[in-house]
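Pasting the structure below:
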C-alpha cells in the first residue's frame, strides 16, 4: 500500500491524499460504507459503484467468520470474488463486536472467548486467529485485534484494557509478518490506538502503534458515549504522535459534522453505520439539515427529495412519494434513503478534499457545519 499527501490546509491539520492498494486507488478524506456481512444493507453494488461512487467498503471479520465462514470464502477465492466487488475492502477485526457481547464473552491475555449471537455456539479469537481469518477474507486493509474500551470506563479499567490491546497488537504484527497473503496481492495491517478518554493512555497507545511502522493507523474506542468535544480532544492528542506520512482512520465515526471536525484534525478515513441505519429509519442528511421522512409534513410536499443532492434518487422521487413509501412499509423506501445518505456522505468528504486543495477548508467547514445541525 502506498500513501501520498497531495494537499494540506493552511489553517487546520486537514490533508488530502491518495491511498493506492491492489484493488485500486482511494482519494482521501474518504468515507467507507459499512458492508458488515459483505453487503451494504439495502444498497446494490452497482449503486455503490456508479451512484454513490464508493472507492472502498468496510466488512467485518466477526460476522464473516460466523457466516459464510473461512472455508467458503477461501473456495470462492476471497471476499472480492465472492461478493463481486472489485474495489478495495477494509475489514474490522471483530474487536468491537466482541466488546458488544459483554454478557457473552470472556477476555484473557490469550484472546476472547465468546458466544455466537446467531446460535449461542462458543468460539475463541486470539490475535493470531484474527490475522488468519482476515488473510482468508482477503481484505486490502486489515485491523489488529483490540479491546474496545467503554467510553465511561474508569482509569484502572482503561489501563488494563490498553495493556491487553498492546499485547495483542504485538502478536498481530508478528503473525501477520509470518503469513503470506492468500490470493496473490499484498495486504496492509493497521494497529488500533485505544486508551479511552485518558490523554496519557492515548499518548502511550499512539507511541506503541507508531513504533510498529505500519502502513497506516486506526483510532478506536471513540464515539462510544463520550461527549463530542472529548472525542475531538483525543483525536488531537493521538494525531500529534501518529506518523504524518501514513493514513489515519477514525473508526465508527460518525455524524457529518463529526467527519468535518475530524478531517480538520488530520483524519483521513472514516466508517459508520449511521447513513444506512438512519436512512432505513427514515432520516435523511442534507445540506440544510436532517429530514424525518415519516413526518406528516412531507405527505404533500412534491419537491424533489433533495434539490441539492448528488444522487439520482434525489431528483427522481418527491418527498411526498418517499414519505408514502415509508408509511406503506415498502422496501424501496429503505433503498432510496440509504443511497441518498451514502451519496451525501461521500460527496461531503469529496468537497472537503476540494476545499483543502483550494486552501479555504476552514471557512467552508464552518459554513457547512452550521447548516447541517438543523432539523427540517
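In my numbering, the protein residues as written are 960 to 1335. Ideal placement from N, C-alpha and C gives every residue a C-beta, glycine not left out.
**OP:** Enumerate in chain order the residues of its own chain whose CB-to-CB distance from residue 1239 is below 6 Å, with the five nearest sequence positions on each side excluded.
**Re:** Numbered from 1 along the chain shown, position 280 holds the residue referred to as residue 1239. For residue 1239, where only same-chain residues beyond five positions count, the Cβ hits under 6 Å are 1293.
Subject >> CA nearest to the CA of residue 1115, picked from 1160, 1104, 1173 >> reply: Here residue 1115 refers to the residue found at position 156 of the chain shown. The option with the nearest alpha carbon to residue 1115 is 1160.
Original post:
If you draw a straight line from the alpha carbon of residue 980 to that of residue 1287, how long is it in whole angstroms?
Top reply: Your numbering for residue 980 matches position 21 in the chain shown. Your numbering for residue 1287 matches position 328 in the chain shown. Rounded to the nearest angstrom, the two C-alpha atoms are 43 Å apart.
Original post:
Going by beta carbon distance, what residues of the same chain come within less than 7 Å of residue 1069, once the five residues before and after it are set aside?
Top reply: Here residue 1069 corresponds to residue number 110 of the chain shown, with the count starting at 1. Cβ neighbours of residue 1069 beyond the five flanking positions: 1085.
Original post:
In whole angstroms, what separates the C-alpha of residue 1296 from that of residue 1015?
Top reply: Numbered from 1 along the chain shown, position 337 holds the residue referred to as residue 1296. Numbered from 1 along the chain shown, position 56 holds the residue referred to as residue 1015. Each residue's Cα considered, the two are about 20 Å apart.
**OP:** Under the assumption that residue 1023 contacts residue 1096 (Cβ atoms under 8 Å), give the Cβ distance between them as a whole number of angstroms.
**Re:** On the chain shown, position 64 is the one that residue 1023 refers to. On the chain shown, position 137 is the one that residue 1096 refers to. Going by Cβ atoms, the distance from residue 1023 to residue 1096 rounds to 6 Å, so yes, they are a contact pair.
**OP:** Tell me whether the beta-carbon of residue 1276 lies closer than 7 Å to the beta-carbon of residue 1264.
**Re:** Taking the chain shown and counting its residues from 1, one reaches residue 1276 at position 317. Taking the chain shown and counting its residues from 1, one reaches residue 1264 at position 305. Against a cut-off of 7 Å, the Cβ pair of residue 1264 and residue 1276 comes out as a contact.
Subject >> DSSP-derived helix/strand/coil call for residue 1076 >> reply: For the purposes of this step, residue 1076 is taken as residue 117 along the chain shown, with counting starting at 1. Looking at residue 1076 - three-state DSSP - the assignment turns out to be coil, as it is neither helix nor strand.
**OP:** Determine the direct distance from the alpha carbon of residue 1249 to that of residue 1335, and round the result to whole angstroms.
**Re:** Looking up residue 1335 in the chain shown gives position 376. Looking up residue 1249 in the chain shown gives position 290. Computed Cα separation, rounded: 6 Å.
**OP:** Can you check the region 976-1058 for any alpha helix (DSSP H) of at least 4 residues that lies completely inside it and give the ranges in chain order?
**Re:** 1020-1025, 1029-1035, 1038-1042
Original post:
How would you write the range of the beta strand (DSSP E) that residue 1147 sits in, first residue to last?
Top reply: Taking the chain shown and counting its residues from 1, the one referred to as residue 1147 is at position 188. From DSSP, the beta strand (DSSP E) with residue 1147 extends over 1147-1149.
Original post:
Is it true that the CB of residue 1152 sits closer than 7 Å to the CB of residue 1182?
Top reply: By 1-based counting over the chain shown, the position of residue 1182 is 223. By 1-based counting over the chain shown, the position of residue 1152 is 193. Cβ distance not < 7 Å, so residue 1182 and residue 1152 don't count as in contact.
Original post:
Can you round the beta-carbon distance between residue 1098 and residue 1060 to whole angstroms, since I take them to be within the 8 Å contact cut?
Top reply: Mapped onto the chain shown, residue 1098 falls at position 139. Mapped onto the chain shown, residue 1060 falls at position 101. Not quite, the Cβ-Cβ distance comes to about 22 Å (not below 8 Å), so this is no contact.
Subject >> Residue of 1169, 988, 1079 minimising C-alpha distance to residue 1013 >> reply: Along the chain shown, read from residue 1 onward, the residue named residue 1013 stands at position 54. For residue 1013, the nearest C-alpha among the options comes from 988.
**OP:** Starting from residue 1065, trace the beta strand (DSSP E) both ways and give me its first and last residue.
**Re:** Locating residue 1065 in the chain shown gives position 106, counting from the first residue. First-last of the beta strand (DSSP E) with residue 1065: 1064-1067.
**OP:** Could you tell me whether the Cβ atoms of residue 1278 and residue 1262 are closer together than 7 Å?
**Re:** In the chain shown, counting from the first residue as 1, residue 1278 sits at position 319. In the chain shown, counting from the first residue as 1, residue 1262 sits at position 303. Cβ distance < 7 Å, so residue 1278 and residue 1262 count as in contact.
**OP:** Could you spell out the range, first to last residue, of the beta strand (DSSP E) harbouring residue 1177?
**Re:** Counting from one through the chain shown, the residue named residue 1177 turns up at place 218. Residues 1176-1178.
Original post:
Are there three or more Cβ pairs, one per stretch, closer than 8 Å when the region 1308-1315 is compared with the region 1212-1230?
Top reply: yes
Subject >> Three-way DSSP call (helix, strand, coil) for residue 1336 in this model >> reply: The structure shown does not extend to residue 1336, since the chain is modelled only from 960 through 1335, so no value can be given for it.
**OP:** Find the nearest neighbour of residue 1230 within the set 991, 973, 961, judged by alpha-carbon distance.
**Re:** The residue you call residue 1230 lines up with position 271 of the chain shown. Per the Cα distances, 991.
Original post:
Can you list, in chain order, the stretches of the alpha helix (DSSP H) that have 4 or more residues and sit fully within the region 1256-1323?
Top reply: 1271-1275, 1278-1287, 1290-1317
Original post:
In terms of residue numbering, what span does the beta strand (DSSP E) encompassing residue 1251 cover?
Top reply: To locate residue 1251, count along the chain shown from 1; it is residue 292. 1248-1251 is the span of the beta strand (DSSP E), which, as asked, contains residue 1251.
Original post:
What residues match up with residue 1060 in a beta bridge as DSSP calls it?
Top reply: Residue numbering aside, residue 1060 sits at position 101 when the chain shown is read from its first letter. Beta-bridge pairing links residue 1060 to no other residue.
**OP:** With a threshold of 16 other CB atoms inside 10 Å of the CB of residue 1144, please say whether the residue is buried or exposed.
**Re:** Within the chain shown, numbered from 1, the residue matching residue 1144 stands at position 185. So residue 1144 ends up on the exposed side.
Original post:
Bridge partners of residue 967, per DSSP?
Top reply: For the purposes of this step, residue 967 is taken as residue 8 along the chain shown, with counting starting at 1. Residue 967 pairs with 974.
Original post:
According to the Cβ coordinates, are residue 1271 and residue 1111 closer than 7 Å?
Top reply: As a working mapping, residue 1271 is identified with position 312 in the chain shown. As a working mapping, residue 1111 is identified with position 152 in the chain shown. No, these two residues do not count as a Cβ contact at 7 Å.
Subject >> Per-residue DSSP class, three states only, for residue 1159 >> reply: Against the chain shown, residue 1159 aligns to sequence position 200. Residue state, collapsed to three classes: helix.
Original post:
Looking at the structure shown, is residue 1216 part of a helix, part of a strand, or coil, going by DSSP?
Top reply: As a first step, residue 1216 must be located in the chain shown, where it is residue number 257. DSSP places residue 1216 in helix when its eight states are reduced to three.
Original post:
Are the CB atoms of residue 983 and residue 1047 nearer to each other than 7 Å?
Top reply: For the purposes of this step, residue 983 is taken as residue 24 along the chain shown, with counting starting at 1. For the purposes of this step, residue 1047 is taken as residue 88 along the chain shown, with counting starting at 1. Cβ distance < 7 Å, so residue 983 and residue 1047 count as in contact.
Subject >> Beta-carbon proximity of residue 1234 to residue 1332, cut-off 7 Å >> reply: Taking the chain shown and counting its residues from 1, the one referred to as residue 1234 is at position 275. Taking the chain shown and counting its residues from 1, the one referred to as residue 1332 is at position 373. No.
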